[in-house]
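Colleague: Could you have a look at this structure, given as structure tokens, before my questions?
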Amino acid sequence: MTTHEEAAEQLRVIRTMMERATIFRALSGEAALFGGAASLAAGWVSESRNGWAWGSVWLIGLAIVIVFAIWQLVRTASAKGKQVWSHGLQVALRGALPSLIAGGFLGLLYLKYGGRGCETHAASMWIIHYGLALLAIREFAPKSMAWLGLAFLVTGIAAFSAMTFVQAATPLLNRLGPSGLMAATFGGFHLLYGAAIVTTTRRGDG
Amino acid sequence: MIDFSKLDRTIHEKGRLSIMTLLASRVDPWPFQELKSELEMSDGNLITHLRTLDKAGYVGANKITGEGRPQTFYELTAAGRKAFVDYLGLLEQILDLGK
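Chains A and B are the protein sequences, given in the same order. Under numbering that gives the first Met the number 0, the first residue of the first sequence carries the number 0, and numbering increases by one thereafter. Under numbering that gives the first Met the number 0, the first residue of the second sequence carries the number 0, and numbering increases by one thereafter.
Dropping the structure here:
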């Protein structure tokens, strides 16, 4: 091995270690698939409901997905002999929680005081802030998660604009409905993301 | 002209280079168990490398004894961080030379 090749090999070791230490997949492929399927189910159940009843279906769905994600995290960590409350998880939560809490709160405010069409406003808030949360952790997440965040953010902004200022797009949004919007994003995007991760990630990779 | 004798042999070994990289990747100290699982090394192997780095003054250890099992945390010393940065600089120079 020449000195040049040796130096390149040493840099490869450094890069691999740096990635291993800093990149954290906050959303596993399996959790994304489960979340996507749960969202499609929630979209179907919430279709005929309004206001708090509509919101409750989604909150129950969220709770089920969180329980699954925690179980998945514990299972993966114990299989690899790693800590569950890892540095990566702590950093990811520190980055994502402000957006998630803000979006959750604004969505609930819309459901309580938003009046007619409050569900679509609430859905837009949840979609936008979920996208922002994913983008907030993009520096130490795989690239795919940044794309997922961007997809949520763009769709959320488009939906909010169609509901408020861009009247020409309102009929399209009305046809989709708030449940359809939630199912398309939290369901469809997560299913696409999960399928891509599960089929492209090697077994044993984060 | 690059002086290859300047290449730090303590860091150059792959196991120790991996340890130095992990320790350099965070400001917070690393618990021994976490280092072990990231590096996929045996206890004995990791301890030997850590001792070598400690002798060179590149890492510092801090044993925490509280509730539960005592844990040893490792971090880079100022000298270790400087040695790692210098080592990286030299690798870059070698690669630039080959362009």
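Backbone N, C-alpha and C fix where the C-beta goes; we use that ideal spot for every residue, glycine too.
Any idea if R202 of chain A is buried or exposed, counting beta-carbon neighbours within 10 angstroms, 16 or more meaning buried?
Modeller: Confidence is the limiting factor: at R202 of chain A the pLDDT is only 46, short of 50, which leaves the residue's position unreliable and the question unanswerable from this model.
Colleague: If distances are taken between C-alpha atoms only, which option among A:A183, A:N173 and A:L152 comes closest to G102 of chain A?
Modeller: Nearest option by C-alpha distance: A:L152.
Colleague: Just to confirm the assignment: which complete beta strand (DSSP E) runs, minimum length 3, are found wholly within the stretch 18–84 of chain B?
Modeller: Entirely contained in the stretch 18–84 of chain B, the beta strand (DSSP E) runs reaching 3 residues are, in chain order, 58–63 and 70–75.
Colleague: Would you give the residue range spanned by the alpha helix (DSSP H) that E138 of chain A belongs to?
Modeller: First-last for E138 of chain A: undefined, no H or E at that position.
Colleague: In three-state DSSP terms, what is A40 of chain A?
Modeller: Three-state DSSP puts A40 of chain A in a helix.
Colleague: Quick check on the burial criterion: 16 or more other C-beta atoms within 10 angstroms. Buried or exposed for Y73 of chain B?
Modeller: Per the 10 Å Cβ criterion, buried.
Colleague: With H, G and I counted as helix, E and B as strand and the rest as coil, what does DSSP make of L190 of chain A?
Modeller: Reduced to three states, the DSSP call for L190 of chain A is helix.
Colleague: Can you tell me where the alpha helix (DSSP H) holding Q9 of chain A begins and where it ends?
Modeller: Segment T2 to T21, the alpha helix (DSSP H) holding Q9 of chain A.
Colleague: Do H120 of chain A and M162 of chain A come within 8 Å of each other at the CB atom, strictly closer than that value?
Modeller: Contact: yes.
Colleague: On the three-state DSSP scale, how would you describe K5 of chain B?
Modeller: In the structure shown, K5 of chain B sits in a helix (DSSP, three-state: H, G or I).
Colleague: With three or more beta-carbon pairs closer than 8 Å as the criterion, would you say the stretch 47–63 of chain A touches the stretch 15–28 of chain B?
Modeller: Too few Cβ pairs lie closer than 8 Å, so no.
Colleague: Residues of chain A with CB under 8 Å from T20 of chain B, in chain order?
Modeller: Under the 8 Å cutoff, chain A gives V12, I13, M16, M17 and A20.
Colleague: Give the secondary structure of L26 of chain A by DSSP, where H, G and I count as helix, E and B as strand, and everything else as coil.
Modeller: Coil.
Colleague: Run down chain A in chain order and give the residues with a C-beta less than 7 Å from the C-beta of I93 of chain B.
Modeller: Per Cβ cutoff of 7 Å: T2, H3 and A6.
Colleague: Just the Cα atoms here: how many angstroms apart are H189 of chain A and L149 of chain A?
Modeller: Approximately 13 Å between the Cα atoms of the pair.
Colleague: Around the Cβ of W70 of chain A, are there at least 16 other Cβ atoms within 10 angstroms (buried) or fewer (exposed)?
Modeller: That one is exposed.
Colleague: Give the residues of chain B in contact with G80 of chain A, contact being defined as C-beta atoms less than 7 Å apart.
Modeller: In chain order: S36.
Colleague: Between V197 of chain A and A31 of chain A, what straight-line distance do the alpha-carbon atoms span, to the nearest angstrom?
Modeller: Looking at the two C-alpha atoms, the distance is approximately 10 Å.
Colleague: Does the distance from the CB of G87 of chain A to the CB of F23 of chain A come in under 8 Å?
Modeller: Yes.
Colleague: Does the Cβ of A158 of chain A have 16 or more other Cβ atoms within 10 Å, making it buried, or fewer, making it exposed?
Modeller: Buried: at least 16 other Cβ atoms inside 10 Å.
Colleague: Considering only the beta carbon of each residue, do L147 of chain A and G50 of chain A sit closer than 8 Å?
Modeller: It is not a contact, given that the beta carbons lie outside the stated cut-off.
Colleague: Show which residues of chain B have a CB atom less than 9 Å away from the CB atom of H189 of chain A.
Modeller: Result: empty, since nearest Cβ-Cβ is about 29 Å, beyond 9 Å.
Colleague: Nearest chain A C-beta to S24 of chain B closer than 8 Å, yes or no?
Modeller: Cβ-Cβ to chain A under 8 Å: yes for S24 of chain B.
Colleague: Going along the stretch 107–123 of chain A in order, which residues come within less than 8 Å of chain B, judged by CB to CB distance?
Modeller: Against chain B - using a Cβ distance shorter than 8 Å - the stretch 107–123 of chain A contributes no residues.
Colleague: For a test of the three-state rule: what should DSSP assign to G113 of chain A, helix, strand or coil?
Modeller: In this structure, G113 of chain A counts as coil in the three-state DSSP scheme.
Colleague: For L90 of chain B, go through chain A and note every residue whose CB falls closer than 7 Å to its CB, in chain order.
Modeller: Under the 7 Å cutoff, chain A gives A6, Q9 and L10.
Colleague: Return helix, strand or coil for E46 of chain A, following the three-state DSSP convention.
Modeller: The answer is coil: DSSP assigns E46 of chain A none of H, G, I, E or B.
Colleague: Quick check on this structure: which residue in B:R80, B:N61, B:T47 and B:E91 has the alpha carbon closest to the alpha carbon of G14 of chain B?
Modeller: Selected option, being the one with the closest Cα: B:T47.
Colleague: Cβ closer than 9 Å: which chain A residues qualify as neighbours of L49 of chain B?
Modeller: Those do not exist, as L49 of chain B stays about 15 Å from chain A at its closest Cβ, beyond 9 Å.
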